[in-house]
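Q: First, the structure itself, so that you have it in front of you.
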Amino acid sequence: MQVSFACTDHGLKAPRTSEPNKQNTSSPNTASAARARFRTVALIARSLGSFTHRHHISLKESTGKLTANLPLTHTSSLSISFSLLGTWVTFGGQISDEVAEQLMTIAYENGVNLFDTAEVYSAGKAEIILGNIIKKKCWRRSSLVITTKLYWGGKAETERGLSRKHIIEEIVRAMTHIINHGMSMYWGTSRWSAMEIMEAYSVARQFNLIPPVCEQAEYHLFQRDKVEMQLPELYHKIGVGVVSWSPLACGIITGKYENGIPESSRASLKSYQWLKEKILSEDGRKQQAKLKELTHIAERLSCTLPQFAIAWCLRNEGVSSVLLGTSNPAQLTENLGAIQVLPKITAQVASDIDKILGNRPHSKKDYHH
């Protein structure tokens, strides 16, 4: 099985001395060819410096309260920043290595300690660039957390006759193996349903394995159902927090598409024809009209539309951190300013936003602050 992480040139830490049901945590060897819907996120801090591993944490301990720059999740003892910097597309792709270094430096100097990558980003270049920058800057690596992704499932698993239940159990065992051998601190899921996450938790409880602590989910002003309807119950019952991605809906919420598709924008690229079609569709035009109204609220709060949108995401108590994707230093600096806007989004402001959007999911409880 191929597990690719940033900064793996340093020796891995010693395996944990206590492994739950060791006979059930054999080395995974079945996912190397997988590329499909079950994706996991490993939160990495091992081999980034002098991180001292805790012994295996029990299920109860793994869902204890987490404190960080914000009251984030109650899933672990890991402290992470309110935002994380993503490397998808940009690192090794749309931007130069020099700009990538500028972005990481700005993020790090503003308190961001969480960086997101994957071996498939820019055909592996993103991980390499990320690791090289960390080494070059000589940052205190024990304070950094890197997320990377592994892929399970698909045709290879179907041919083996494995059901979803078997695949989930295999994933939980594999991630437990990785954590117990010092290759990762925690693990979470990406784009899983609430039912799938609950199944993983149940498997961990049944076999005394390590459960997921977070879910990476799309969440923004126009995409609310999953994070506001499905995941809050998991947050309150088993402590699974949310690391949300695409807070600006691939740039739609920045307002730059109000008058069409700018030549230098992402939607103008051939590989983003789907985004262009989405923006120019009837629904896309309706979204732009709503954004124009929301801009007035942002102006009233003395912030930009992107800052307003990111702060709105952070207002949800289940959201641990928001993944920021940016292609230039000015954008990143602007987006990081969202934390200053968060206190301004009062219950009344949130109500005004809901009236404009008209898409608030119907829920028995309000899980926003």
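For the sequence shown, our numbering gives the first residue as 4, with consecutive numbering after it.
Idealized CB from N, CA, C, for every residue including glycine.
Identify the continuous beta strand (DSSP E) that holds C316 and give its terminal residues.
A: Counting along the chain, C316 falls outside any beta strand (DSSP E), though it belongs to the alpha helix (DSSP H) covering L308 to L317.
Q: Using DSSP with H/G/I as helix, E/B as strand and the rest coil, what is W277?
A: If DSSP states are grouped into helix, strand and coil, W277 belongs with the helices.
Q: Starting from E221, follow its DSSP beta bridges and name the residues at the other end.
A: In the DSSP output, where bridge partners are listed per residue, E221 has W248.
Q: Can you have a look at S274 and say buried or exposed, based on whether 16 or more other CB atoms are within 10 angstroms of its CB?
A: S274 comes out exposed.
Q: Chain C beta carbons: is any one of them nearer than 8 Å to that of F118?
A: Of the protein chains in the structure, only one exists, and it is not chain C.
Q: List the whole-angstrom C-beta distance separating T179 from A129, where the pair is believed to meet the contact cut-off of C-beta under 8 Å.
A: At roughly 27 Å, the Cβ-Cβ gap does not stay under 8 Å, so T179 and A129 are not in contact.
Q: Under 8 Å between the Cβ atoms of I182 and W195?
A: Their beta carbons are not under 8 Å apart, which means I182 does not touch W195 by this criterion.
Q: Around the C-beta of M198, are 16 or more other C-beta atoms found within 10 angstroms, so that it is buried, or is it exposed?
A: Flag for M198 reads exposed.
Q: Leaving out five residues on either side along the sequence, give the residues of the same chain with a beta carbon under 6 Å from the beta carbon of K229.
A: Here the set comprises A220.
Q: Taking 7 Å as the cut-off, is the C-beta of T108 nearer than that to any heavy atom in the ligand NAP?
A: Among the components modelled here there is no ligand, and therefore nothing to report on the ligand NAP.
Q: As a quick exercise: from S324, R269, W315 and T93, pick the residue whose alpha carbon is nearest that of Y124.
A: That would be T93, whose Cα lies nearest to the Cα of Y124.
Q: Suppose contacts are defined by Cβ-Cβ distances below 8 Å. Is S324 in contact with L117 by that definition?
A: In contact: S324 and L117 (Cβ atoms closer than 8 Å).
Q: Consult DSSP for T298 and reduce its assignment to one of helix, strand or coil.
A: Residue state, collapsed to three classes: helix.
Q: Excluding five sequence neighbours on each side, which residues of the same chain lie with their C-beta closer than 7 Å to the C-beta of A207?
A: The residues are L62, V175, I213 and P214.
Q: Is the CB-CB distance between R269 and L283 below 8 Å?
A: Not closer than 8 Å, so no.
Q: To the nearest whole angstrom, what separates the beta carbons of K293 and I359, a pair I think is in contact under 8 Å?
A: 6 Å between Cβ atoms; contact.
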